[in-house]
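Accompanying notes for the structure given below.
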Amino acid sequence: MTQPPDPTPEYAEHHPLLPEDPVRVGDFWIDSRLAESPAGVVYCAHADGSDPVMLIHLRDGAASDPAARARFSGEINAMHIDTVVARGGQDQDEGRMAVRFRDEDDDPIVASHRPLAPWVALAFSGSPKAVAEAQRVLAAVDLVHTPQLGSPAGPDFQMHWWQNIRPGTWRMWPLPWPGRKDRAGWLSLLTSFLLMLLIASVAVLLAILVFQNQQKVSPPAPVPSSESATGSGSGSGSPSQSSGEPSSGESSSGEPSELESRSDTPSMEQPSGDSSGPGSPSPERKL
Numbered sequence: 006m007t008q009p010p011d012p013t014p015e016y017a018e019h020h021p022l023l024p025e026d027p028v029r030v031g032d033f034w035i036d037s038r039l040a041e042s043p044a045g046v047v048y049c050a051h052a053d054g055s056d057p058v059m060l061i062h063l064r065d066g067a068a069s070d071p072a073a074r075a076r077f078s079g080e081i082n083a084m085h086i087d088t089v090v091a092r093g094g095q096d097q098d099e100g101r102m103a104v105r106f107r108d109e110d111d112d113p114i115v116a117s118h119r120p121l122a123p124w125v126a127l128a129f130s131g132s133p134k135a136v137a138e139a140q141r142v143l144a145a146v147d148l149v150h151t152p153q154l155g156s157p158a159g160p161d162f163q164m165h166w167w168q169n170i171r172p173g174t175w176r177m178w179p180l181p182w183p184g185r186k187d188r189a190g191w192l193s194l195l196t197s198f199l200l201m202l203l204i205a206s207v208a209v210l211l212a213i214l215v216f217q218n219q220q221k222v223s224p225p226a227p228v229p230s231s232e233s234a235t236g237s238g239s240g241s242g243s244p245s246q247s248s249g250e251p252s253s254g255e256s257s258s259g260e261p262s263e264l265e266s267r268s269d270t271p272s273m274e275q276p277s278g279d280s281s282g283p284g285s286p287s288p289e290r291k292l
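In my numbering, each residue's number is its place in the sequence shown (first place is 1) plus 5.
Take a look at the structure:
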């Protein structure tokens, strides 16, 4: 006979981070949320080159109360030394687990900076029992499940810092942009370079297509000078004179056949026609 499955899940449930959650607490990078209460938040975190841990970070209200900080420190000091991986924050360097304290004195601190909120990193197996242990620690800080002494009477009791649920003070140093070099690898650089090359090629192609389809503009007509305008005016002013009176060259060209018919030997005969005509001199007679 098969047994019914265990209703308890094998792994703890992870929740996404909120914008106000810290990026890094101490040496641990925050990955996801596991649980929360008015006293603090339980995160799943990891350090560089190490296994995931369960990090408990007190809220601003509980971190500002000395009694809440003392209760939180007492719960951590009561744990096994192998359970506590690291701890830090204000008033967390005392007690049996002081050997796990990690100070941040090398960070640049000015007078206006507030003390860091208490936190602790515990060994995390990924099971819901580990998350339940973290919730027990937070319940001991905010006194939610603490039974009342005597018979209840009068108004209800509530901590004065319950309404202050802002994240506790945290500080990250060095800053991520000069310290972390794994944000952009060679593949990202190659992709960006090829993308820029593609955009430049498309821009050059569009420029060629735009200027290639434009109509060619003919050059303007030359402007006539004053000398050419005067010469053309005088030449066109007397067409009748040049055409009506032939020149001497034209009159001489009118008798080419007669001159060609004569022989080279001189003749004693007087040519017929007007001797006084131009272009036909009479040869002298020999005595």
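Glycine is no exception: its CB is placed at the ideal position from the N, C-alpha and C atoms.
Looking at the DSSP output, Glu41 bridges to Val46. Bridge partners of Leu60 according to DSSP: Tyr48 and Ala126. In the three-state reduction of the DSSP assignment, Phe198 falls in the helix class, which pools H, G and I.
When the five nearest sequence neighbours on each side are left out, the beta carbons in the same chain lying within less than 7 Å of the beta carbon of Phe33 are those of Ala50, His51, Ala52, Val58, Leu60 and Ala126, in order along the chain. Proximity of the region 131-139 to the region 15-23 meets the contact definition, three or more beta-carbon pairs being nearer than 8 Å. In the three-state reduction of the DSSP assignment, Val149 falls in the coil class, being assigned neither a helical nor a strand state. Among the bridge pairs identified by DSSP, Trp34 is matched with Arg29 and His51. The Cβ atoms of Gly45 and Leu63 lie closer than 7 Å to each other. One thing to note: Arg74 has its Cβ no nearer than 7 Å to the Cβ of Ala91. Sixteen is the threshold: when 16 or more other Cβ atoms of the shown chains lie within 10 Å of the Cβ of Ser42, as they do, the residue is buried. With a 10 Å radius around the Cβ and a threshold of 16 neighbouring Cβ atoms, Gly66 comes out buried.
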